[in-house]
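Read the structure below first, then the notes.
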Amino acid sequence: MEDRARELARDMEVVNRALESSRIHLVALARAADALELRGPINSPLLTLVEHAEETAARVTRNLRALSPTHSPTAGVGEQGRS
8 MEDRARELAR DMEVVNRALE SSRIHLVALA RAADALELRG PINSPLLTLV
58 EHAEETAARV TRNLRALSPT HSPTAGVGEQ GRS
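Throughout the sequence shown, residue numbering follows the numbering used here, covering 8 to 90 in sequence.
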């Protein structure tokens with residue numbers, strides 16, 4: 008299970024990066040469209056969807072990392088200096 012959790016966490020990190028990139032591009036497109044039309048920013052349903060997906064993917068990644076003891080916050084603590 009630990010190996011599977013690590014693999015799934017890596018896959019979710021790819022999803023996280025794709026969502027982050029999509030969000031950045033959507034924001035840029037929305038700003039460009041607003042500037043062309045000389046209007047104030049408006050809410051984009053697609054951008055909102057991507058933002059929610061990004062938050063969910065980050066939460067899933069954290070939970071998967073928590074399942075894997077090699078990625079726990081205490082993993083490696085006290086092991087520095089050993090050779």
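Virtual Cβ for every residue (Gly too), placed ideally from N, Cα, C.
Straight-line gap, residue i to residue j (C-alpha atoms, nearest Å)
i, j, result
"R46", "A40", "9 angstroms"
"A16", "R38", "33 angstroms"
"T68", "D10", "14 angstroms"
"A35", "E20", "23 angstroms"
When the options are compared against residue i, the one with the closest alpha-carbon
i, options, result
"A65", "S51, R13, D10, L26", "L26"
"L53", "R13, S29, E62", "S29"
"H32", "N70, T55, L74", "T55"
Residue i (DSSP reduced to helix, strand or coil)
i, result
"I31", "helix"
"E44", "coil"
"N50", "coil"
"T81", "Summary for T81: the model assigns pLDDT 48, below 50, so the residue's position carries little reliability; its value from the coordinates is reported in the next sentence. Reduced to three states, the DSSP call for T81 is coil."
Check: residue i C-beta below 6 angstroms from any heavy atom of the ligand NAP
i, result
"R72", "With respect to small molecules bound, the structure shown includes none, and the ligand NAP cannot be examined in it."
Sequence-distant residues of the same chain with beta carbon closer than 7 angstroms to residue i, five excluded per side
i, result
"E58", "R30"
"V22", "A64"
Sequence-distant residues of its chain with Cβ nearer than 8 angstroms to residue i (five each side left out)
i, result
"D18", "none"
Supposed close pair residue i, residue j - CB separation, criterion 8 angstroms
i, j, result
"R13", "S51", "That belief does not hold up - the Cβ atoms of R13 and S51 are roughly 35 angstroms apart, past 8 angstroms."
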